[in-house]
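Here the structure is laid out as structure tokens; the discussion comes afterwards.
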């Protein structure tokens, strides 16, 4: 592969991406891009970010060789990149710290964010508490019901959580409301988008802040094995943990990259969140990307057991990487993810997030097809404590029936 | 000359201000669309903006969102709206402007959209999530067909950008009057008059103010600074309440406004 330089100056990844937003927001995204370019070259900003990631978030996170899981898979060695060990329990904080620092640089004292499972909301509320920023979080009313504890957590941290009842009351609708709120308050608010989606420059900025995952992985794996891994697996909702993991490996063509979408009840049931596998390109939330939509261009509801993957689109860069074939996009059902959730918990004493369980499930399938001397790195994007009540309810029901 | 240009030229001759109401196609069923458009024309509307519903309308406030959801529940489709307009066109002579989002247009297919919109006698098109940076996707094909892409400027657009957008304007320039989404509200930012004057001074196309305009007083206030107004959420509410008199009064406020 030649040098990878996307997005282009207009924020496109091939045909994907761009800035499909109301005119009122244009100046804000142009300013954000300018400020980000300055911050990128500012050693003081980079140092501050690095220090916070080390001292506050707890980076670097371990690259853990999961020996028991490997034995169970009976194939390639499985390593886990432990993003679950970050402060707040997921990779989300890598991005929120970076963006909150950008907000401060732009003189903005207030931020808005959307959240699905609540992980991005908690990570945003956390940095806002730390950096003394006012914080408003939009969350779908269905997700609020599913993730009561995260709502309370955000409130404890000082955030105002606003319930969104429009549409399907999930992540997609929370993004709509956050965008509307941003339109109305654009002069003094920064929108901390939580994934590699939205209008340019968000997909680039979020990828860059998350790429610490892939950079560390590359060094850590080399230190342990003296080479690059044969394969990398990460789950995809909007696609931020996977993009952060994949990005530093894009030019290393010998490393196979696998993105795992949520197949929900099954890829052919119409009840899934597999935008790349089953969707077609269109425009939502500011970007041209693969979307679950009907033939009239109306956006369909996504379904996944995991609230964090329950989104009908996928970042523009993933859309591009699907078309070029650099990344293979696979899918895992609710059932398979639940199984992997329990398996990793029992075999390694690590309770993974339901999102990350999709990646674990696929890695096990993949490992079985690979040689024992080969290795897979799984991005374990978050811990599963938030999912324990839901898993309990689900397994309890299964035991009864 | 496009029907929009002709309409504004004759408006100028009569020294009158424009009033463009917005309605959501399919709200109350597509069967009611003709009745509404004919009523609006009779009441003195300069043109009618017809919304084609989209599941995720980020530029719209609660009133238009709800109207869109009602329309979608009625089974309203892009194709259905265009064929309804084709049937209505012989009965009305004012410009018809469709307002929708990028995704429904892409899903319908640009080529097909232009052929069918042309057939339906559509004169203009407003797409609020299509800033000038992305417009090449749609603009050229649209303009080659004689359907005007109506562009928007906002309170947050710097002067240089307003000039750039005004330079590309076709039909008329839509000056958004609030920093926010559509929907009725009580007051406007103080600098609004200056902003509208600024937009007017750099535009050689008519400038229409829209977003948040909901009373005859607003209509008059805005009309001092520009060539007329667009009213959406309030029109939808008045239709919902069956208050046709209220709609006529709003339109009268623009029609009776005389430039000094």
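Protein chains in written order, with the working numbering: chain Y, 43 to 443; chain F, 792 to 1051.
For every residue, glycine included, the Cβ atom is placed at its ideal position computed from N, Cα and C.
Beta-carbon proximity check, residue i vs residue j, cutoff 9 Å
i: residue 452(Y); j: residue 217(Y); result: Residue 452(Y) is absent from the structure shown; chain Y starts at 43 and stops at 443.
i: residue 956(F); j: residue 73(Y); result: no
i: residue 273(Y); j: residue 297(Y); result: yes
i: residue 1007(F); j: residue 1036(F); result: no
i: residue 904(F); j: residue 882(F); result: no
i: residue 332(Y); j: residue 356(Y); result: yes
i: residue 795(F); j: residue 838(F); result: yes
i: residue 1048(F); j: residue 808(F); result: yes
i: residue 144(Y); j: residue 97(Y); result: no
i: residue 950(F); j: residue 916(F); result: no
Delimiting residues of the alpha helix (DSSP H) encompassing residue i
i: residue 249(Y); result: 244-252
i: residue 899(F); result: 893-899
i: residue 874(F); result: 869-879
i: residue 232(Y); result: Run containing residue 232(Y): none in the alpha helix (DSSP H); it sits in the beta strand (DSSP E), 231-233.
i: residue 228(Y); result: Here residue 228(Y) belongs to no alpha helix (DSSP H), and DSSP marks it neither H nor E.
i: residue 831(F); result: 824-834
i: residue 861(F); result: 853-864
i: residue 933(F); result: 930-935
i: residue 275(Y); result: Looking at the DSSP string, residue 275(Y) is not in any alpha helix (DSSP H); the run it does join, the beta strand (DSSP E), is 273-277.
Strand pairing of residue i, partner residues [DSSP]
i: residue 375(Y); result: 306(Y)
i: residue 341(Y); result: 335(Y)
i: residue 890(F); result: 842(F), 917(F)
i: residue 92(Y); result: DSSP output for residue 92(Y) lists no bridge partner at all.
i: residue 111(Y); result: Its beta-bridge partners do not exist; DSSP assigns none.
i: residue 119(Y); result: 417(Y)
i: residue 370(Y); result: 300(Y)
i: residue 1048(F); result: Per DSSP, none; premise fails for residue 1048(F).
i: residue 939(F); result: 915(F)
Option nearest residue i by Cα separation, candidates the options
i: residue 246(Y); options: 54(Y), 384(Y), 62(Y), 354(Y); result: 54(Y)
i: residue 397(Y); options: 390(Y), 63(Y), 281(Y), 176(Y); result: 281(Y)
i: residue 348(Y); options: 98(Y), 367(Y), 378(Y); result: 378(Y)
i: residue 140(Y); options: 90(Y), 186(Y), 108(Y), 310(Y); result: 90(Y)
i: residue 1045(F); options: 992(F), 851(F), 835(F), 827(F); result: 835(F)
i: residue 148(Y); options: 228(Y), 190(Y), 104(Y); result: 228(Y)
i: residue 223(Y); options: 329(Y), 341(Y), 152(Y), 424(Y); result: 152(Y)
i: residue 313(Y); options: 128(Y), 352(Y), 209(Y); result: 352(Y)
i: residue 906(F); options: 973(F), 877(F), 883(F), 886(F); result: 877(F)
i: residue 851(F); options: 190(Y), 208(Y), 391(Y), 187(Y); result: 208(Y)
Neighbourhood of residue i by C-beta distance below 7 Å, restricted to the same chain and skipping five residues each side
i: residue 256(Y); result: 286, 287, 288, 289, 290, 291
i: residue 134(Y); result: 161, 162, 165, 236
i: residue 402(Y); result: 382, 386, 394, 420
i: residue 959(F); result: 923, 942
i: residue 150(Y); result: 230, 231, 232
Limits of the unbroken beta strand (DSSP E) element including residue i
i: residue 98(Y); result: Premise fails: residue 98(Y) is in no beta strand (DSSP E) and is neither H nor E.
i: residue 238(Y); result: Here residue 238(Y) belongs to no beta strand (DSSP E), and DSSP marks it neither H nor E.
i: residue 157(Y); result: 152-157
i: residue 170(Y); result: Not the beta strand (DSSP E): residue 170(Y) falls in the alpha helix (DSSP H), residues 161-173.
i: residue 967(F); result: 964-967
i: residue 205(Y); result: 202-206
i: residue 181(Y); result: 176-182
i: residue 323(Y); result: 322-326
i: residue 1019(F); result: 1019-1022
i: residue 817(F); result: No beta strand (DSSP E) holds residue 817(F); DSSP gives it neither H nor E.
i: residue 353(Y); result: Looking at the DSSP string, residue 353(Y) is not in any beta strand (DSSP E), and its letter there is neither H nor E.
i: residue 415(Y); result: Unbroken run through residue 415(Y): none, as it is neither H nor E.
i: residue 1004(F); result: Segment: none, residue 1004(F) is in no beta strand (DSSP E) and carries neither H nor E.
i: residue 292(Y); result: From DSSP, residue 292(Y) is part of no beta strand (DSSP E); its letter is neither H nor E.
Cβ shell of residue i (< 6 Å), same chain only, five flanking positions each side left out
i: residue 156(Y); result: 180, 216, 217, 220
i: residue 875(F); result: 821, 824
i: residue 101(Y); result: 95
i: residue 892(F); result: 845, 920
i: residue 87(Y); result: 81
Nonlocal neighbours in the same chain, by C-beta distance under 8 Å from residue i, ignoring five residues either side
i: residue 1051(F); result: Because the pLDDT at residue 1051(F) is just 49, under 50, the model does not fix this residue reliably, and the value given afterwards should be weighed accordingly. Once the five neighbours on either side are set aside, residue 1051(F) has no close Cβ partner at all.
i: residue 112(Y); result: 118, 119, 120, 409
i: residue 1022(F); result: 810, 811, 812, 813, 1001, 1004, 1005, 1010, 1041
i: residue 413(Y); result: 117, 118
i: residue 970(F); result: 945, 946, 947, 980
i: residue 366(Y); result: 56
i: residue 990(F); result: 944, 953, 957, 964, 966, 998, 1017
i: residue 115(Y); result: 405, 406, 409, 410
Beta-carbon neighbours of residue i, restricted to chain B and to distances below 7 Å
i: residue 875(F); result: Structure shown: chain B not included; protein chains present are Y and F.
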